[in-house]
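Chains as they are written, first to last, in the numbering used here: chain A, 8 to 408; chain B, 2 to 374.
Note that the Cβ used here is the ideal one computed from N, Cα and C, for glycine as well.
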Amino acid sequence: MDFNDTPQEAAFRTDVADWLAQNQLTDADREGRSALEIAKLWQRRKYEAGWACIGWDTEYGGRGASPIERVIWDQEEGKYNVPSRFFVIGQGMIAPTLMVWAQPQHKENFLPKLASGEEIWCQLFSEPAGGSDLAALRTKAEKDGDDWVINGQKIWTSQAHYADYGIIVTRTDPTVAKHKGLTMFIVDMKAPGIDIKPIKQLTGESDFNEVYFTDVRIPDHYRLGDVGQGWTAALTTLMNERLAIGGGGPGADVKLALEIATLVEIDGKPAIEDSAVRAKIADFHVLEAGLEYNGYRAITALSRGELPGPENSIGKLVGAPKLQAIASFCMDLLEESGIVWSDDNLLTSLAQRSYMGAPGLRIAGGTDEIMTNIIAERVLGLPQDPRLDKGIPFNEVPTGN
Amino acid sequence: MNFEFSEEQLMLREQARGFLKQECSPSVTRSVLDGDMHYDRGLWQKVAEMGWTATTIPEEYGGLGLGYYELAIIAEELGRAVAPIPFSSSVYLATEAIMAFGSSAQKNKWLPGLASGEVIGTLALSERSGRATAENLSVTCEDGLVTGTKTPVADGMIANIAVVACKASAGHVQLALVDLAQDSVDRTMVTTLDPSRGHASISLAKTSAEPLGEGEVSWSAFEALLDRAAVLMAWEQLGIADMALEQACDYAKQRFAFGRAIGSFQAIKHKLAGMYVKNSLARSNAYHGVWALASGSNSLQLAASTARVASTQASLFAAQENIQTHGGMGFTWEFDCQFYYRRAKVLSLAIGSERHWQHRLVSALQHNHANAA
Chain A
8 MDFNDTPQEA AFRTDVADWL AQNQLTDADR EGRSALEIAK LWQRRKYEAG
58 WACIGWDTEY GGRGASPIER VIWDQEEGKY NVPSRFFVIG QGMIAPTLMV
108 WAQPQHKENF LPKLASGEEI WCQLFSEPAG GSDLAALRTK AEKDGDDWVI
158 NGQKIWTSQA HYADYGIIVT RTDPTVAKHK GLTMFIVDMK APGIDIKPIK
208 QLTGESDFNE VYFTDVRIPD HYRLGDVGQG WTAALTTLMN ERLAIGGGGP
258 GADVKLALEI ATLVEIDGKP AIEDSAVRAK IADFHVLEAG LEYNGYRAIT
308 ALSRGELPGP ENSIGKLVGA PKLQAIASFC MDLLEESGIV WSDDNLLTSL
358 AQRSYMGAPG LRIAGGTDEI MTNIIAERVL GLPQDPRLDK GIPFNEVPTG
408 N
Chain B
2 MNFEFSEEQL MLREQARGFL KQECSPSVTR SVLDGDMHYD RGLWQKVAEM
52 GWTATTIPEE YGGLGLGYYE LAIIAEELGR AVAPIPFSSS VYLATEAIMA
102 FGSSAQKNKW LPGLASGEVI GTLALSERSG RATAENLSVT CEDGLVTGTK
152 TPVADGMIAN IAVVACKASA GHVQLALVDL AQDSVDRTMV TTLDPSRGHA
202 SISLAKTSAE PLGEGEVSWS AFEALLDRAA VLMAWEQLGI ADMALEQACD
252 YAKQRFAFGR AIGSFQAIKH KLAGMYVKNS LARSNAYHGV WALASGSNSL
302 QLAASTARVA STQASLFAAQ ENIQTHGGMG FTWEFDCQFY YRRAKVLSLA
352 IGSERHWQHR LVSALQHNHA NAA
């Protein structure tokens with residue numbers, strides 16, 4: 008066991024740090040550009056120098072780096088304020104799905120453009136009638152000549168309003184059990200018949216969309232896997248989703264709590280001297296450090312050739328409620344002024360943003376409850392709940408309103 | 002970076018698990034719990050023959066000269082087996098104290114016996130309700146004579162020697178090495194909630210002792226000793242936590258109610274998944290803790306406190322919810338659930354409560370925070 012870099016890893020880290028120092032985004036780069044444009048500029052710069060998606064094979068635009076080199080890259084890049092959220096879905100979840108399930112010409116075409124940031128992708132899975140019970144989705148795909156015709160509705164689709172392509176899970180056979188009648192496709196988001204409506208979230212922002220499909224045509228060669236194999240293909244995406252989402256980027260953390268507890272007072276003394284405050288911060292640190300070292304154990308397993316398993320569901324299951332709890336705690340320390348929303352005050356705005364965003368993280372990509380079921384059933388081997396829809400044709404499954 | 006034990010270390014784990022399965026079945030723990038003995042002497046001898054008591058002692062003192070990774074692995078297995086032996090007292094505390102503070106004469110005198118298991122050592126710290134501090138210690142050591150009472154002392158009925166924490170100048174402690182086979186030593190058994198690990202009240206009346214090392218030890222150096230023990234204790238607690246979870250899972254799969262295995266109810270499976278999450282985080286923190294201990298990292302205080310708090314919380318939760326999962330049967334004397342429940346609590350208080358280690362953790366965070374600023 009060694010937590011430090013090996014000589015090769017240290018040399019790699021130096022290369023990475025040098026490149027980042029010489030090529031970091033400047034104020035001039037940011038001037039007059041939207042967040043998406045800045046993200047695309049940075050991604051393109053990395054791609055051209057061979058530092059984009061470094062774990063991918065070189066033929067797809069990567070550099071065949073090891074899992075540990077990926078961690079080193081992330082650690083070093085994380086020291087700079089660079090936007091990455093636009094590419095998490097495409098590079099982290101969809102690309103691994105394409106690598107397994109897409110036809111060779113599509114891998115050659117799409118993967119480099121995912122790596123370079125040229126094209127943005129979205130994931131069209133959830134539906135009004137299929138969220139936690141994803142396999143209950145209803146969007147229809149019917150064969151017509153060499154095409155498939157899509158009708159139905161998706162919901163909670165991040166980035167759909169500016170995505171170039173998406174992957175979509177559809178029902179191709181309603182007469183078999185629900186998991187068996189699904190098929191996955193690539194879909195061109197600019198195709199006729201697609202109507203995208205942003206959803207205003209409780210944060211006031213609109214990251215998600217409703218996406219309506221009316222007679223949208225998809226060529227058969229865009230199919231990912233066999234007809235009826237859509238659930239298996241979707242699991243590839245979902246397993247990678249659990250790795251990609253994790254704790255969910257910058258937000259309220261132990262460092263922030265410590266900073267605020269050092270600044271504010273309780274009964275005339277720094278809050279950090281208060282026993283209850285210390286106990287809470289210690290508990291948060293146990294979670295935060297535990298998740299970090301869990302990640303390193305997972306990376307070590309990956310680098311030994313083991314596949315990422317369902318135990319990785321822990322990252323999001325612990326990370327999202329932790330974010331919510333720390334954010335709430337930080338605001339408590341500020342007493343009533345904790346409610347004042349001020350974009351100028353980084354300390355409070357980070358806590359407030361996290362507080363407002365955390366409920367979404369606890370639901371997106373598998374709710375806390377679904378993640379807990381996954382751990383119980385797939386890690387601990389506990390039996391499934393009896394399911395009333397098990398084994399019966401989808402079109403005979405009882406539905407509510 | 003490589004955040005996993007080596008092949009050899011993993012083989013040691015397999016070997017240790019197999020050995021304890023054979024030699025420390027639940028009936029061994031139960032017979033100490035039910036009987037008048039303070040530990041299982043036969044198991045102690047076998048464990049010593051395996052060389053476990055000698056793990057980190059240098060070869061020049063009769064030890065194996067192995068590292069803390071190996072000791073952590075053994076600690077976890079002893080936790081899983083709820084072994085009724087004075088391992089933590091003798092190895093993580095007494096042996097470590099002598100290695101850290103003892104003169105070479107003291108090391109020569111005591112370490113070979115501790116390595117072979119012929120000498121059982123312990124640390125005598127607690128004197129009354131509440132945490133012992135440099136300020137409130139009352140046992141004195143004057144001119145090589147120790148006077149006062151320590152209670153409870155883990156494994157105090159069977160220990161041959163004790164490292165006694167004595168009053169010293171402000172911010173210091175005098176560690177006195179006491180041979181307990183003296184007439185002036187009066188030991189009485191203290192009944193605790195885990196009789197499978199005996200405890201004693203030890204009264205000393207001008208008992209001759211040798212000061213450990215050069216003289217007084219700073220309280221912070223003494224706390225650093227406890228940090229080291231905390232990592233190993235965390236591994237032992239982790240073993241308890243994992244066994245309690247495994248037992249609960251096994252029961253939930255085979256116990257039926259309302260026509261189905263109770264493990265299929267979300268109320269049960271979410272509880273067990275919650276145990277798994279706590280155990281996993283505790284394990285990762287314990288990995289970091291043992292790495293910090295073995296590598297001599299200057300982040301040991303933070304790493305050890307984090308591992309200790311995580312394992313304390315995980316083991317207490319797993320032990321209590323294991324009983325809950327078993328329902329009424331879990332509350333019987335006949336079932337083994339009680340072993341984990343008792344031992345988890347005893348270990349969680351052995352070198353300072355959860356609250357104490359939470360404080361120590363945050364002190365380390367504050368220190369890092371101030372240095373970064």
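May I have the straight-line CA-CA distance separating residue i from residue j, to the nearest angstrom?
i, j, result
"residue 91 of chain B", "residue 174 of chain B", "20 Å"
"residue 38 of chain A", "residue 395 of chain A", "57 Å"
"residue 103 of chain A", "residue 116 of chain A", "14 Å"
"residue 24 of chain A", "residue 338 of chain B", "52 Å"
"residue 2 of chain A", "residue 361 of chain A", "Nothing can be reported for residue 2 of chain A, as the shown portion of chain A is limited to 8 through 408."
"residue 123 of chain A", "residue 69 of chain A", "10 Å"
"residue 373 of chain A", "residue 237 of chain B", "34 Å"
"residue 267 of chain B", "residue 16 of chain B", "36 Å"
"residue 253 of chain A", "residue 213 of chain A", "The pLDDT assigned to residue 253 of chain A is 49, lower than 50, so where the model puts this residue is not dependable; a value taken from the coordinates is nonetheless given after this. Approximately 21 Å, taken between the alpha carbons."
"residue 311 of chain A", "residue 6 of chain B", "13 Å"
"residue 119 of chain A", "residue 163 of chain A", "27 Å"
"residue 375 of chain B", "residue 297 of chain B", "In the structure displayed, chain B extends from 2 to 374; residue 375 of chain B sits before or after that span and is not available."
"residue 165 of chain A", "residue 286 of chain A", "37 Å"
"residue 367 of chain B", "residue 64 of chain A", "43 Å"
"residue 84 of chain A", "residue 100 of chain A", "20 Å"
"residue 242 of chain A", "residue 131 of chain B", "53 Å"
"residue 59 of chain B", "residue 109 of chain B", "11 Å"
Using C-beta distances below 6 Å, list every residue in its chain close to residue i, excluding the 5 sequence neighbours before and after it, in chain order.
i, result
"residue 237 of chain A", "176, 189, 190 and 191"
"residue 284 of chain A", "268 and 278"
"residue 283 of chain B", "239, 311, 312 and 315"
"residue 30 of chain B", "83, 85, 197 and 340"
Quick one: is residue i buried, meaning 16 or more other Cβ sit within 10 Å of its Cβ, or exposed?
i, result
"residue 184 of chain B", "exposed"
"residue 11 of chain A", "exposed"
"residue 208 of chain B", "buried"
"residue 291 of chain B", "buried"
"residue 189 of chain B", "exposed"
"residue 259 of chain B", "exposed"
"residue 434 of chain A", "In the structure displayed, chain A extends from 8 to 408; residue 434 of chain A sits before or after that span and is not available."
Any beta carbon of chain B sitting closer than 8 Å to that of residue i?
i, result
"residue 321 of chain A", "yes"
"residue 383 of chain A", "yes"
"residue 259 of chain A", "no"
"residue 230 of chain A", "no"
"residue 336 of chain A", "no"
"residue 402 of chain A", "no"
"residue 304 of chain A", "yes"
"residue 33 of chain A", "no"
Using a beta-carbon distance below 8 Å, is residue i in contact with chain A?
i, result
"residue 235 of chain B", "no"
"residue 349 of chain B", "no"
"residue 363 of chain B", "yes"
"residue 310 of chain B", "yes"
"residue 322 of chain B", "no"
"residue 307 of chain B", "yes"
"residue 265 of chain B", "yes"
"residue 257 of chain B", "no"
"residue 261 of chain B", "yes"
Could you tell me if the beta carbon of residue i falls within a distance shorter than 7 Å of some heavy atom in the ligand SAM?
i, result
"residue 295 of chain A", "You won't find the ligand SAM in this model; it holds no ligand whatsoever."
Once you ignore the five residues that flank residue i on each side, which residues in its own chain have a CB closer than 8 Å to its CB?
i, result
"residue 279 of chain B", "242, 311, 314, 315, 318 and 319"
"residue 54 of chain B", "48, 88, 91, 92, 96, 115, 116, 117 and 118"
"residue 406 of chain A", "136"
Which residues in the same chain have their Cβ closer than 7 Å to the Cβ of residue i, if we skip the five residues on either side of it in sequence?
i, result
"residue 185 of chain A", "142, 143, 396, 401 and 404"
"residue 76 of chain A", "19 and 61"
"residue 367 of chain A", "208"
"residue 102 of chain B", "176, 213, 214 and 218"
"residue 413 of chain A", "For chain A, the structure presents residues 8 to 408; residue 413 of chain A sits outside this window and is missing."
"residue 288 of chain A", "261, 264, 265 and 268"
"residue 378 of chain A", "320, 323 and 324"
For the stretch 98–105 of chain B against the stretch 310–323 of chain B, are there 3 or more C-beta pairs whose distance is under 8 Å?
no
Is the stretch 131–140 of chain B in contact with the stretch 107–120 of chain B, if contact means three or more CB pairs nearer than 8 Å?
no
Does the stretch 85–94 of chain A touch the stretch 221–235 of chain A, meaning 3 or more C-beta pairs lie closer than 8 Å?
no
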